[in-house]
Amino acid sequence: MHAELEKQGPWISRLSGTTKIVLLLALSAIGMVSYDTRYLVVLTIFALIFFYSARLKWRQIKALVYAIVGFTLLNLVLVYIFSPQYGTQIYGSSHILFGSGFLAVTAEELFYLLNMTLKYIFIVPLILAFLYTTDPSELAAGMNKIKIPYKVCYAVELSLRYIPDFLREYRQISFAQQARGLEISKKANLWQRVKGSSQILIPLVFSSLDRIEVTTRAMRLRRFGTQKKRSWYKAHPLSKLDWFLLGVTALLVVCGIWLFQVDQGRYYDPF
Amino acid sequence: MKQETMISLQDVSFQYRNQTEPTLKHIDLEVCRGHKVLLTGPSGSGKSTLGNLLNGVIPEEFPGELTGQITINGHAVSELDLTSLSFEVGTVLQDPDAQFVALTVAEDMAFALENDAQPVSKLHARVKEWAEILKMPQLLDQKPQELSGGQKQRVALAGVLIDNEPILLLDEPLANLDPAAGRASLELLDTLAKERNLTVLVIDHRIEEALQIHFDKLVVLAEGEIVANDSPDEVLRSDVLLRNGLREPLYVTALKDAAVDLAALSDLDDLLGLQLETKAQKKLHSWQAQLPAPSAKEKGAPLLSGRGLTFGYPGKPAIFQDFDFEIQTGEMAALVGQNGTGKTTLINLITGFLKPQAGSLTLAGRPLLDLSVKERAEKIGYVLQDPNQMISKTNVSDEIALGLVLRGVPAAEQTARLEKILRVTGLYPYRHWPISALSFGQKKRVTIASVLVLEPQVLILDEPTAGQDLAHYAKMMDFLRLMNEQLGVTVLMVTHDMNLMLSYADRALVLDQGQLLAQAAPAQVLTDAQLIKRAHLSQLSLQVLANKSGITDAIGFAEKFTIHERSKDNARRA
């Protein structure tokens with residue numbers, strides 16, 4: 001029955017949308033709270049398995065990765081500058097590696113920053129892997145399964161559906177306005193460009209409102225929103241692999257909570 | 001045996017809440033199970049309102065005062081809401097992009113069933129079943145952007161037929177399709193209706209195109225009242241269509257003008273099956289022999305020409321390879337061809353929205369390629385199909401003057417040019433009006449004026465007559481002809497409308513897969529069977545008529561007929 005769903009491809013793309021969402025939400029929650037290095041390393045390895053199986057091409061993710069790396073570095077520098085002694089506060093000891101005074105670099109601070117970086121290192125590959133291997137409709141179906149109202153889920157899907165149409169419309173209007181004599185290229189100064197953009201926005205807003213009205217009618221004529229529940233063509237029952245991964249996720253979360261007990265708090269203190 | 005009534009309206013009137021007059025007045029209409037009805041009428045006649053009454057959009061979305069009794073499949077509509085009505089009446093909207101709400105074909109087909117929260121296994125089974133019926137299992141994973149207009153319409157049909165509604169309502173199904181796709185769509189509808197005993201209501205004003213399949217009834221609405229409700233054969237015999245600003249099939253007009261005795265002809269709506277007796281043939285023969293032959297319009301000097309143009313989107317095969325074309329000074333040319341064959345790309349190359357990878361473009365011998373979009377727009381005006389995509393001001397004069405303002409034309413000159421164009425275009429009385437108060441046709445006229453005010457040498461129009469009935473359409477085209485004759489503006493229209501091309505273009509450029517298949521007089525193009533097939537055009541009904549009556553020169557016949565029609569138009573206006 002679900003023959004068409006068993007497409008060839010990496011196993012990650014065959015995972016149910018529900019599994020991916022639950023996994024992502026659960027692991028990012030526990031991962032954000034915990035500062036246990038050993039635990040974060042385990043999560044990172046777990047995330048990298050997904051990342052590798054997604055077989056992403058470097059050019060697909062290049063821009064995103066650069067942006068995230070840049071942001072993380074900036075974040076680390078800022079955290080250090082604003083509270084260089086925060087590590088000492090947490091771990092209650094101070095091993096100065098070099099420097100002195102307020103900005104002295106301590107082993108504790110570096111260890112704290114390492115833990116923070118690990119959080120990014122584990123969450124980013126996970127998000128990237130899911131982002132590129134999940135069909136938007138399946139995502140919507142998955143969101144609905146964890147009790148997010150289906151109208152919200154469908155809104156997500158619908159916005160993805162209409163992005164290409166919207167872009168085409170934008171381009172068309174922009175061309176037409178340029179032909180009227182609107183200069184929005186680099187030849188014009190900033191103020192002219194801002195003013196010019198409003199000239200594109202007005203027709204775009206009006207035509208989008210029209211579009212929304214007609215689309216809403218088309219949906220209502222096929223009974224959208226009349227029932228409490230909705231089924232999804234792209235939903236498929238959880239497979240063994242799904243259950244297995246959900247089990248692993250549950251185990252990891254329990255493990256994380258248990259570590260709070262062991263560490264007597266969120267931080268693992270090697271000092 | 002009495003046939004079962006599926007749709008019944010008794011003394012139905014409807015007035016929108018914000019209007020002072022009722023849009024529908026005392027409508028009585030009965031449609032039997034398994035019948036196909038073509039509902040037609042000029043813009044504003046109330047035909048869309050009638051459709052919206054049947055599927056429940058009225059009064060749910062547009063409140064107003066409704067009187068009379070509407071019964072659908074035995075249920076009084078007053079007791080049904082939009083949801084329960086949707087199980088009786090499946091609606092296919094005019095705009096295929098709005099109708100297609102899901103991300104893939106399969107999901108869109110399943111949409112209604114998903115909303116009923118049917119089990120997933122059933123969704124898959126039904127989608128599979130309907131994909132087989134409509135012969136499109138290979139399309140199931142496609143996205144809407146990847147489909148042609150005809151394919152989108154097939155998906156739309158599947159999306160409403162999937163839950164077995166007995167009644168199908170189609171709003172302007174021919175509006176967005178090229179002639180061949182339109183015909184295919186109608187034939188599919190015909191087959192489905194027969195196989196499943198569907199009751200079909202088609203709302204459209206393209207009567208000749210729609211009548212390519214058999215309809216049981218042709219209903220004509222005008223000013224909110226039914227002015228004809230009979231077999232298409234009977235309606236065509238009368239003059240009710242022309243009297244109400246609708247276009248009659250050309251062959252019917254020809255038969256009438258030749259004074260052929262229509263009472264002796266049966267099945268006038270079925271052109272292919274039409275039997276002409278010797279007497280009728282003779283009449284037609286002698287009538288066309290006395291029609292004045294067209295005087296060849298003098299061939300102008302080349303104005304806009306492209307040489308060796310090559311263009312392709314990055315990573316995709318080239319759309320144009322070493323492509324040549326030429327538009328002559330003072331002509332009205334039509335650019336035709338099937339959807340997705342490069343018409344829009346060519347226009348975008350001319351207007352500068354796209355840059356060719358090789359080749360040259362010249363206007364009156366001067367190279368164009370170095371000029372920006374803005375600079376080219378002063379010489380080549382471009383009017384989009386949808387006026388709402390062009391209009392960015394709230395008042396008519398401001399909108400028309402915008403191009404002058406943005407170009408820094410001195411105020412005194414602005415006023416003079418604005419006034420001149422307002423007068424020429426007949427928009428002078430509306431100059432202080434808010435644009436939102438204008439009709440679609442008037443808005444279109446505003447956009448043309450706003451381009452003409454820049455005094456371009458060439459005017460390019462994308463589907464100039466889309467969304468307009470004959471009366472508005474003729475006004476618009478006569479206006480363009482006037483601009484062509486008085487201001488000497490060369491006109492290039494991109495169109496799917498074969499009637500438009502025949503009646504108004506001096507020359508047709510037939511584009512197919514980045515090649516010009518033909519550049520010839522419209523009558524010549526529309527009678528060339530091979531060309532018609534390759535470029536997705538449709539055969540001229542006049543040609544079929546010519547063949548049936550032994551007129552050998554079908555091209556000459558079509559050309560003479562066009563001249564005759566034009567002189568009738570002129571006489572009517574004078």
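Chains W and P supply the protein sequences, listed in that same order. All residue numbers for the first sequence refer to full-length UniProt numbering, where the first residue is 1 and numbers rise by one. All residue numbers for the second sequence refer to full-length UniProt numbering, where the first residue is 1 and numbers rise by one. From the three backbone atoms N, C-alpha and C, an ideal C-beta is built for every residue, glycine too.
Measure from the alpha carbon of residue i to the alpha carbon of each residue in the options, then state which is nearest.
i              : options                           : result
A140 (chain W) : W:F102, W:Y150 and W:Y132         : W:Y150
F87 (chain P)  : P:L369, P:V127, P:D108 and P:L168 : P:L168
E138 (chain W) : W:W243, W:R266, W:R14 and W:P270  : W:R14
N484 (chain P) : P:G330, P:T447 and P:L454         : P:G330
L103 (chain P) : W:A104, W:L158, W:I127 and W:Y80  : W:L158
S48 (chain P)  : P:A131, P:L221 and P:A259         : P:L221
R554 (chain P) : P:R534, P:A523 and P:I532         : Note on identity: in this sequence residue 554 (chain P) is Ala, with Arg being the wrong assignment. For A554 (chain P), the nearest C-alpha among the options comes from P:A523.
Q389 (chain P) : W:R266, W:P237 and W:S174         : W:S174
L276 (chain P) : P:V260, P:A289 and P:W287         : P:V260
L502 (chain P) : P:G352, P:N570 and P:L335         : P:L335
D269 (chain P) : P:E21, P:V227 and P:L211          : P:L211
V219 (chain P) : P:N197, P:H432 and P:S45          : P:S45
A474 (chain P) : P:L487, P:I460, P:L454 and P:L500 : P:L500
D322 (chain P) : P:L309, P:K316 and P:P314         : P:L309
S28 (chain W)  : W:Q178, W:I127, W:E108 and W:V152 : W:I127
P302 (chain P) : P:L354, P:A263 and P:T362         : P:T362
S83 (chain W)  : W:L64, W:L103, W:F71 and W:L74    : W:L103
Y112 (chain W) : W:A129, W:I90, W:Q60 and W:Y162   : W:I90
D386 (chain P) : P:H75, P:I421, P:F561 and P:R445  : P:R445
What is the rounded straight-line gap between the Cα of residue i and the Cα of residue j?
i              : j              : result
L241 (chain P) : H205 (chain P) : 10 angstroms
I563 (chain P) : A293 (chain P) : 8 angstroms
R366 (chain P) : L349 (chain P) : 16 angstroms
L39 (chain P)  : N244 (chain P) : 14 angstroms
E378 (chain P) : V458 (chain P) : 9 angstroms
G196 (chain W) : S208 (chain W) : 19 angstroms
V33 (chain W)  : V253 (chain W) : 11 angstroms
N18 (chain P)  : E65 (chain P)  : 10 angstroms
M1 (chain W)   : H124 (chain P) : In this predicted model, M1 (chain W) has a pLDDT of only 34, less than 50, meaning its place in the structure is not dependable enough to derive any value.
E6 (chain W)   : I12 (chain W)  : At E6 (chain W) the pLDDT is 43, less than 50, meaning the model places this residue with poor confidence; the figure from the coordinates comes in the next sentence. If you take the alpha carbons of E6 (chain W) and I12 (chain W), they lie about 12 angstroms apart.
P166 (chain P) : L147 (chain P) : 27 angstroms
S436 (chain P) : T394 (chain P) : 7 angstroms
A469 (chain P) : G159 (chain P) : The question names Ala, but residue 469 (chain P) is Asp in the sequence shown. Cα to Cα, the separation comes out at about 29 angstroms.
Y120 (chain W) : F111 (chain P) : 39 angstroms
S360 (chain P) : E208 (chain P) : 41 angstroms
G381 (chain P) : W287 (chain P) : 42 angstroms
Please state the DSSP three-state secondary structure of residue i.
i                     : result
H214 (chain P)        : coil
H236 (chain W)        : coil
A29 (chain W)         : helix
E183 (chain W)        : coil
Q19 (chain P)         : coil
M493 (chain P)        : strand
L371 (chain P)        : coil
M136 (chain P)        : coil
N144 (chain W)        : helix
Q328 (chain P)        : strand
R230 (chain W)        : coil
residue 281 (chain W) : Residue 281 (chain W) cannot be examined here, being either before or after the span of chain W that is shown, 1 to 271.
K25 (chain P)         : strand
N229 (chain P)        : strand
D242 (chain W)        : helix
residue 307 (chain W) : One cannot answer for residue 307 (chain W) here, as it falls past the ends of chain W, which runs 1 to 271.
Who are the near neighbours of residue i in its chain, counting only those whose CB is closer than 6 angstroms to its CB and skipping five residues on each side?
i              : result
K279 (chain P) : none
R33 (chain P)  : E4, M6 and T199
Y80 (chain W)  : none
T71 (chain P)  : S8
L23 (chain W)  : T249
A175 (chain P) : Q94
Leaving out five residues before and five after residue i in sequence, what residues of the same chain have Cβ atoms less than 8 angstroms from its Cβ?
i              : result
K122 (chain P) : L113
M219 (chain W) : G225
Closer than 7 angstroms by C-beta to residue i: which residues in its own chain qualify, once you throw out the five before and the five after it? Chain order, please.
i                     : result
I319 (chain P)        : F311, G312, G342, T345 and G514
G256 (chain W)        : I30, S34 and Y39
residue 295 (chain W) : Beyond the ends of chain W as shown, which are 1 and 271, falls residue 295 (chain W); an answer cannot be given.
* Could you name each continuous beta strand (DSSP E) segment of 3 residues or more that falls completely within the region 91 to 146 of chain W, going from the start of the chain to the end? => Whole beta strand (DSSP E) segments, 3+ residues: 96 to 98.
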